[in-house]
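Below is one structure, written out as structure tokens; comments come after it.
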Amino acid sequence: MKRLTVTLALCCAYTCIMAQYVVNYRRAADAYFQNKDYYAAASFYKKALNITSDTMAIQLPYTADVSTKTNERKETDNHFMIYRLAEASRMYKNYKDAERYYGMATAFTEEAYAPAKYWYGVALRANMKYEEASLAFESFIKANPSSPWREEAALELASAKFAAAEMREPGMVQLSKLRDGINTEGSNYAPAMYGGTLFFTSSRPVAPEGATKTLNTGQNSLPVTKKATPYINTLYMAQGDPMSNNAQVKGLNLKRPPGVEFGAPAFAANGSTIYITAWRTDDVTKRYSIWSAFKKSDNSWSDPAMLSTIINNGNAKQPFVTADGKQLYFVSTKPGGWGGDDIWV
């Protein structure tokens, strides 16, 4: 009898530990979302919802969290996490997943999720499903005549209809995805060609930098610790034909300070100077600045340094140098513009 009692006690303790462990998926997801780490947030919301890469389906009833005595999560929690998963997916530009989960959220009746129909249309448009996007925007406008998103939805509707009309008469350009060596794990974006070499930004995994930190989870909540992310944005180059499997991809030999990420390269006309967008990994507000480095006599790059406040007065990013090398265009929130992101020269 004593052995049976001990066994039952251990089983109960194990069940409680496992329940607490899986509850942490939701709490961790909320913490990552609050701290604007949307990729991690999406990953943990999927864990909390029992979504696997094999099925991409949500298992019902949900068992990855314990909210009631019957171990069934409340429907309101289900809706909250699905909508948050859609939001997180959109925020890190994963419109394929955003379309899927906003599509689910369009069936929710709670007022808080009314914008789901609008964002569902945005995701469809981003995925080049223009006819479906038009229907989604029309449905949103009809159902939400006084929504603050109504004007934006009307603009999106016009854009989707224009794109659909353009697609009926395709141009002479055919787009193809580059090979796996370039489009590998992580985000790969902001390409720039110079001297027959493709330069681009990638967040492919590297050795993690820095120590773990505690995320802000709000008052009266247990802390969530975050390991240093291996997904660091920095610059790469692909030598050879980027459309072939023989292109050699390697990191650009720029000294990147710890905790700083680089992206969106632009080159001076003669290749002697590179301009880049820089930001800090742990800065949740994502304040951007433009840095530059010059090529030394041995063809190595100098240490990148931030440009003056003439350029970096506000958020400055996305540099572009004209073909004659005389003008630098960039995007900035500096005072004197029209508001928000403006193009400056």
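What the sequence shown shows, in our numbering, is residues 38 to 382, in sequence order.
Virtual Cβ for every residue (Gly too), placed ideally from N, Cα, C.
Check whether A190 and I178 have beta carbons under 8 Å apart:
yes
I want to check one thing, is the minimum distance from the CB of A135 to the heavy atoms of the ligand ATP below 7 Å?
By its list of ligands, the structure shown contains no ligand whatsoever, and the ligand ATP lies outside what it can speak to.
Taking 6 Å as the limit between beta carbons, can you name the residues of its chain near Y157, skipping five residues before and five after?
Y139, G140, T143 and A173
Beta-carbon proximity of I219 to A275, cut-off 8 Å
yes
Using a 10 Å radius around the Cβ and a threshold of 16 neighbouring Cβ atoms, would you call P242 buried or exposed?
The residue is exposed, with fewer than 16 neighbouring Cβ atoms inside 10 Å.
Note down the Cα distance separating A65 from A78, rounded to an integer number of angstroms.
Approximately 7 Å, taken between the alpha carbons.
Cβ shell of K354 (< 6 Å), same chain only, five flanking positions each side left out:
T314, Y325 and V368
Using the beta-carbon count (16 or more within 10 Å), is N352 buried or exposed?
buried
Is W381 helix, strand or coil by DSSP?
strand
Rank I348, D278 and K287 by C-alpha distance to the C-alpha of T271 and give the top, closest one.
K287
Where do the ends of the beta strand (DSSP E) carrying V286 lie?
Q285 to G288 is the extent of the beta strand (DSSP E) around V286.
Look at the alpha carbon of I269 and the alpha carbon of M128, and state the distance between them as a whole number of angstroms.
17 Å
Among T359, L212, E112 and I327, which one has its Cα closest to the Cα of I348?
I327
Put L122 into one of helix, strand or coil per three-state DSSP.
helix
Quick check on DSSP: helix, strand or coil for G362?
coil
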